[in-house]
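Please read the structure below before turning to the comments.
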Amino acid sequence: MDRDLPLAVLCGLLVGFSIFWFLSPDWFVAMGTAAVYAGAGYFYLAFDIPLLGSSIQFDDRIDRFGYAIGLFGLSVSPIAFAQYYGQQGVTTLPLVILFIGVIAFLLFISKARQQSEHIH
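Encoded structure:
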């Protein structure tokens, strides 16, 4: 029996319930975050993708600089966006957690796609 999907759903539900209980009593925010983390968890488990490993490398100096600028923007923009549109404090944390989950999901699906292309 394939246990990747049930474990991923469990991971998403744990994140969603944690968001709901501790950070934001809004089911819409909690369930959206849970769905993103369930999707990211599925690709992490199903394709055996290293969580902290990075296989993205660029040889050209300009490409590495562009990659660094993009990563900086991805790491800073959720905090800036949350402070601009929301209240400062605990209410901005769910947005930051959701944004990190979106980045993880997109990274995992791209690596899963690369792995599936090499298999077929």
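First residue of the sequence shown? That's 36 in the working numbering, and the numbers climb one at a time after it.
We put the beta carbon where it would ideally sit given N, CA and C, even for glycine.
Count the other CB atoms, across all protein chains shown, that sit within 10 Å of the CB of residue i; report buried if there are 16 or more and exposed otherwise.
i, result
"L133", "buried"
"S110", "exposed"
"A43", "buried"
"W56", "exposed"
"P171", "Coverage of the chain is limited to positions 36 through 155, which leaves residue 171 absent and any answer about it impossible."
"A65", "buried"
"L104", "The question names Leu, yet the displayed sequence has Ile at residue 104. It counts as exposed."
"A139", "buried"
"P113", "buried"
"G51", "buried"
"G136", "buried"
"I54", "buried"
"L130", "buried"
Taking residue i as the reference, which of the options has the closest Cα?
i, options, result
"A69", "V137, L48 and I84", "L48"
"L40", "E152, S53 and G74", "G74"
"H153", "C46, G108 and F82", "F82"
"L58", "A115, L45 and L128", "L128"
"C46", "Y72, W62 and R38", "Y72"
Three or more C-beta pairs below 8 Å linking the region 67-85 and the region 141-152 = The answer is yes - the region 141-152 touches the region 67-85, with three or more Cβ pairs under 8 Å.
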